[in-house]
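Engineer:
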Amino acid sequence: MFLSIRPLFSSCENIMMRGLVAIMMLMFHVHGIPQEKDQNLIKTTCRNTPNYQLCIYTLRADPTSINEDVAGLGLIMVAAVKAKAKEAMKAIKKLEVSRPGLRNALNDCSDRYKAILVGDVPEAEEALRGNPKFAENGMADSSIEAVACEQNFKKVKSPLTGLNNAMRDLSDVARAIIRNLL
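Read in order, the letters of the sequence shown are residues -32 to -1, 1 to 150 in mature numbering (1 follows the signal peptide of the UniProt record, and there is no 0).
1) So, at 6 angstroms on beta carbons, what are the nonlocal neighbours of D88 in its own chain, with the 5 sequence-adjacent residues on each side left out?
2) Keeping to the same chain, check which residues put their C-beta closer than 8 angstroms to that of E55; ignore five residues upstream and five downstream.
3) Could you round the C-beta distance between A48 and L138 to whole angstroms and report it? I think they count as a contact, below 8 angstroms.
4) Rounded to the nearest angstrom, what separates A73 and D140 at their Cα positions?
5) For E36, which three-state DSSP category applies?
6) Under 8 angstroms by Cβ, that's how I've got I145 and V65 pegged, so tell me the actual separation to the nearest angstrom.
7) Secondary structure at G98, three-state DSSP: helix, strand or coil?
8) Taking a contact to mean a Cβ-Cβ separation below 7 angstroms, would you say K52 touches A134 in this structure?
9) Once you ignore the five residues that flank M57 on each side, which residues in its own chain have a CB closer than 6 angstroms to its CB?
10) May I ask which residues mark the beginning and end of the alpha helix (DSSP H) holding T17?
11) What's the call for G69, buried or exposed, on a 16-neighbour Cβ count within 10 Å?
12) Here's the rule: buried if 16 or more other CB atoms are within 10 angstroms of the residue's CB, otherwise exposed. What is T32?
13) Do L96 and G42 have their CB atoms nearer than 7 angstroms?
14) Is the separation between the beta-carbon of A114 and that of R143 shorter than 7 angstroms?
15) Drop a sphere of 10 angstroms on the beta-carbon of V46, count the other beta-carbons inside from all chains shown, and report buried for 16 or more, exposed for fewer.
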């Protein structure tokens, strides 16, 4: 009699194990769907920007982007603009020491990047939590500031071209993402 009960018990174990495996597979599948959906949001959002590759690269570099809505993606791009402005300010400080002949142009660039850090970025961050129109204006202005900085170097090659172009491009991508909220 003991022998006849063991196969029945083993059969119950098998059913329970199959059920457990099925539940686990379902959980992994369901858990994967939001990530796929969020990746699609990033791709769709970036397709509406002037620089798809920069957009994808910047957003995917932030691990929180996978859980964000469009406003959250906009905030990530604004944070990238802020980081690039800080990088530019450090470069300007170094250039003021190493290239004193560019003092006037560098001072103007410093003022422009301060305006981005003190005005444009905080305006965009705040507006993305309220009225995104003002966020768009802040990012448009940061792009203009970077272009104006570059134009300061009329007689010599700008030592800030790479940073100014990166700032312009990041700002334009951020602005395009924000437009999705209008």
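Idealized CB from N, CA, C, for every residue including glycine.
Structural biologist: According to the structure data:
1) Within the same chain, D88 has close Cβ partners G106, D109, S110.
2) L131
3) 5 angstroms
4) 23 angstroms
5) coil
6) Not really, about 37 angstroms apart at Cβ, beyond 8 angstroms.
7) coil
8) yes
9) Y81
10) That residue, T17, is in no alpha helix (DSSP H); it is neither H nor E in DSSP.
11) It counts as exposed.
12) exposed
13) yes
14) no
15) V46 comes out buried.
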